[in-house]
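A.B. asks: First residue of the sequence shown: -3, per the numbering used here; consecutive thereafter.
I have a structure I would like to understand better, so I am pasting it below and will then ask my questions one at a time.
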Amino acid sequence: MLTSLTSGLILGISAGLAPGPLLTLVISETLQHNIGSGIRVALAPLITDLPIILMMLFIVNELASMQPVLGLISLAGGCFVFYLGYRNIRVKGLQLDLQPRRSKSLLKGILANSLSPHPYLFWFSVGGPIVIKAMDTSALAAYLFILSFYTLLVGSKIVLAVAVGQSKQLLSGTLYLTTIRSLGVLLCLLALFLIFDGFRLLGVL
């Protein structure tokens, strides 16, 4: 259960603070309108992701009996997480679209998250296998992973929206970049664990 909780926390805060369409939208809506607009965007995954999770878990569960296939998925997930970590380490800042627009923050967040490939890739190659593996231990371990992941994913975006709304200099300083790059290192380490697990399932190790 501790492994599921730790994985959920690391992946959640890393995904929550990593530059991407949803985070950019959280910040731009906060800057253009107000903190509430940014928070509404941050809540979008709680609306969009349940069907994605159920669909990806169904697919991964169907493949779970075929260990080589699950091993390949785990390898793909490890490579995906390593790519995210590497991108975090190399980050230089955020590009924001601050053109004045009418605020439809929640709808924008839902569309941005639904049309992004990241939730689908994450739950197929990383989240799904972790949940299926956690279910072998207990249902509580799987729930802990999902709960900790979304608490940090959404919570970190909300905290950032509030921080940016209060101090718009936050993104121009080194604190944000240092945090992102440190999380990138953690992601790369977690990726190595997933890759090792993939080779184990393939019978290589």
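Where a beta carbon is used, it is the ideal one built from N, C-alpha and C, also for glycine.
Roughly how far, in whole angstroms, is the beta-carbon of K153 from the beta-carbon of L19, given that I think they are within contact range, below 8 Å?
C.D. replies: Correct: roughly 6 Å between the Cβ atoms.
A.B. asks: Are L190 and V122 closer than 8 Å when you measure CB to CB?
C.D. replies: A contact, by the Cβ cut-off of 8 Å.
A.B. asks: With the cut-off set at 8 Å, would you say L148 and I9 are in Cβ contact?
C.D. replies: In contact: L148 and I9 (Cβ atoms closer than 8 Å).
A.B. asks: Let me check understanding here. Comparing Cα to Cα, which of T2, L46, L103, S178 lies closest to S33?
C.D. replies: Ranking T2, L46, L103, S178 by Cα distance to S33 puts L103 first.
A.B. asks: Determine the direct distance from the alpha carbon of V22 to that of N161, and round the result to whole angstroms.
C.D. replies: Correcting the residue type first, residue 161 is Gly in the shown sequence and not Asn. Taking the straight line joining both Cα atoms gives about 11 Å.
A.B. asks: Along the chain, where does the alpha helix (DSSP H) that runs through M52 open and close?
C.D. replies: Counting along the chain, the alpha helix (DSSP H) containing M52 begins and ends at 40 to 59.
A.B. asks: Quick one: grab the DSSP three-state call for V87.
C.D. replies: Three-state result, V87: coil.
A.B. asks: So, with DSSP's three-state summary, where would you put L136?
C.D. replies: Helix, per DSSP.
A.B. asks: What's the C-alpha gap between I35 and P17?
C.D. replies: Answer to the nearest angstrom: the Cα atoms are 15 Å apart.
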